[in-house]
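Please read the structure below before turning to the comments.
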Amino acid sequence: MRGVEPTAPADLSRTWALVPIRGLETAKTRLGEDLDPEERVALVTGLLRRTLVATRDARRIAGTIVVTMDPDAAGIAKELHAVGLVERAPGLNQAIEAARSVAVARDASAVLVLPADLPSVSAEGIDALLAAAAELPTAHGLVAIVPDRHGLGTNTLLVSPPDAIDPAFGEASRAAHAARATAAGLAWLELDGPLSLDLDTPADLLAAEAAIGSLRG
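Counting with this note's numbering, you get residues 11 to 227 for the letters of the sequence shown.
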């Protein structure tokens with residue numbers, strides 16, 4: 011945790027979405043056994059666009075930052091009224107922290123980390139997540155987590171104030187984020203729902219397509 015007083019209140023009135031994606035051609039390589047390179051790029055591009063349309067249309071999102079190593083992904087961000095941040099950070103969490111700094115500079119009161127691999131993402135789902143989080147006591151900040159369908163990873167992470175905890179994406183990130191929230195004395199909430207679907211493996215792709223239909227163009 012960095013630089014936030016324990017008593018700093020949460021405020022979701024200016025929530026910025028942070029969308030990390032390494033690159034259009036380098037993302038989701040574990041799907042390679044089911045998709046050829048062209049199909050995989052088309053899938054990744056479609057998911058990024060779907061995510062940015064959702065954050066653009068969500069009533070409770072003030073703005074969106076796409077943090078990426080790929081200028082093409084940053085270009086899609088600009089096309090869909092988001093900020094494209096080309097960042098050569100050494101890892102995912104460092105990239106998210108760089109995007110968070112940009113959001114804070116733009117007066118964000120909260121950040122929602124929303125990876126671009128959630129096939130059921132929608133403006134309504136994002137607004138519902140923020141509405142549920144707004145019901146928490148907020149005198150000492152808050153964290154809301156949507157875990158993946160296995161209950162191990164983190165599909166979305168809402169934090170207010172924005173740097174009340176640092177991101178801990180990676181192995182067993184759901185438990186890591188919950189532990190950081192508890193250690194910081196923050197109210198925290200875990201939610202299920204459509205945002206628990208993500209795409210990391212061929213099995214995830216099959217599960218998503220069984221739930222919402224084909225994602226392959």
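All C-beta atoms in this analysis are idealised placements derived from N, C-alpha and C, irrespective of residue type, glycine included.
Separation of residue j from residue i, as counted between CA atoms
i, j, result
"TRP26", "GLU107", "13 angstroms"
"ALA213", "LEU207", "11 angstroms"
"LEU28", "GLY101", "15 angstroms"
"LEU167", "LEU152", "11 angstroms"
"ALA72", "ALA120", "10 angstroms"
"ARG59", "ARG70", "19 angstroms"
"THR17", "LEU201", "Interpretation of THR17 is limited by its pLDDT of 42, a score under 50 that renders its predicted location unreliable; no figure is taken from the coordinates."
"SER130", "ALA20", "27 angstroms"
"ALA182", "LEU199", "17 angstroms"
"GLU134", "ALA193", "31 angstroms"
"LEU146", "ALA197", "7 angstroms"
"GLY161", "LEU205", "12 angstroms"
"GLU174", "GLY85", "One detail in the question is off: residue 174 reads as Ala in this sequence, not Glu. Each residue's alpha carbon lies about 30 angstroms from the other."
"THR61", "HIS187", "22 angstroms"
"LEU57", "THR65", "12 angstroms"
"GLU15", "ARG50", "Legend: pLDDT at GLU15 = 48, less than 50; position of this residue unreliable, value from coordinates given subsequently. Spanning the two alpha carbons is a distance of roughly 44 angstroms."
"GLU97", "VAL112", "11 angstroms"
"ASN165", "PRO81", "24 angstroms"
"ASP137", "VAL169", "15 angstroms"
"LEU209", "LEU90", "22 angstroms"
"ARG12", "MET79", "Residue confidence is low: ARG12 scores 40 on pLDDT, short of 50, so the model does not pin down where it sits. No coordinate-derived value is stated."
"PRO47", "THR148", "45 angstroms"
"SER132", "ASN103", "24 angstroms"
Beta-carbon proximity check, residue i vs residue j, cutoff 8 angstroms
i, j, result
"VAL123", "LEU95", "no"
"ARG190", "ALA178", "yes"
"LEU128", "LEU22", "no"
"ALA143", "ALA154", "yes"
"VAL54", "LEU34", "yes"
"VAL114", "PRO172", "yes"
"ALA99", "VAL93", "no"
"ILE31", "ALA83", "yes"
"ILE75", "ALA105", "no"
"GLY163", "ARG184", "yes"
"ARG24", "ASP117", "yes"
"HIS150", "GLY195", "yes"
Bridge-paired residues (DSSP) for residue i
i, result
"GLU200", "ILE155"
"ALA27", "THR74 and LEU122"
Host alpha helix (DSSP H) of residue i (start-end)
i, result
"ASP170", "Just to set this straight, residue 170 is Ser in the shown sequence, not Asp. It is not in any alpha helix (DSSP H) - SER170 instead sits in the beta strand (DSSP E) that spans 164–170."
"GLU134", "133–143"
"ARG184", "183–193"
Could you tell me which whole beta strand (DSSP E) segments of length 3 or greater appear in the segment 40–120?
71–78 and 93–96
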